[in-house]
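Below: the structure, in structure tokens.
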Amino acid sequence: MPDINCRHCGEPWDIYELHDFPVSFKKAAAIFAKHGCGLFNAEDDPKSATHCTNTVFDANLAQASGVLQDSSPYPDDWLDSESMLNFLE
Ligand SMILES: [Zn+2]
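Quick note: the sequence shown uses this note's numbering, first residue 3, plus one each step.
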């Protein structure tokens, strides 16, 4: 299952869930890159999403995801947080 990670807490999400919002995949991805899990707390109105405030699940994964999400607007490029982490270690 291809996962993308929240940049704030590191929580993994299935990339296909970005299709489940009442906005385009691209828009949902942009909101996820900014707010992480906050997107999933605003399913009916993604544009009202606020930053993820969850307990940190994995700070290193969160950091790696942030780097990936800043380097590309395409969620397909965000799938490698875990391998990037191995590279950084
Ligand atoms: Zn989160």
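For every residue, glycine included, the Cβ atom is placed at its ideal position computed from N, Cα and C.
- Those residues placing their Cβ nearer than 6 Å to any heavy atom of ligand 1 are, following chain order, 8, 10, 11, 13, 38, 39, 54 and 56.
- When C-alpha distances from residue 36 are compared across 44, 25, 23 and 52, the shortest belongs to 52.
- For residue 5, no alpha helix (DSSP H) segment is defined; the enclosing uninterrupted segment is the beta strand (DSSP E) at 5-7.
- In the three-state reduction of the DSSP assignment, residue 77 falls in the helix class.
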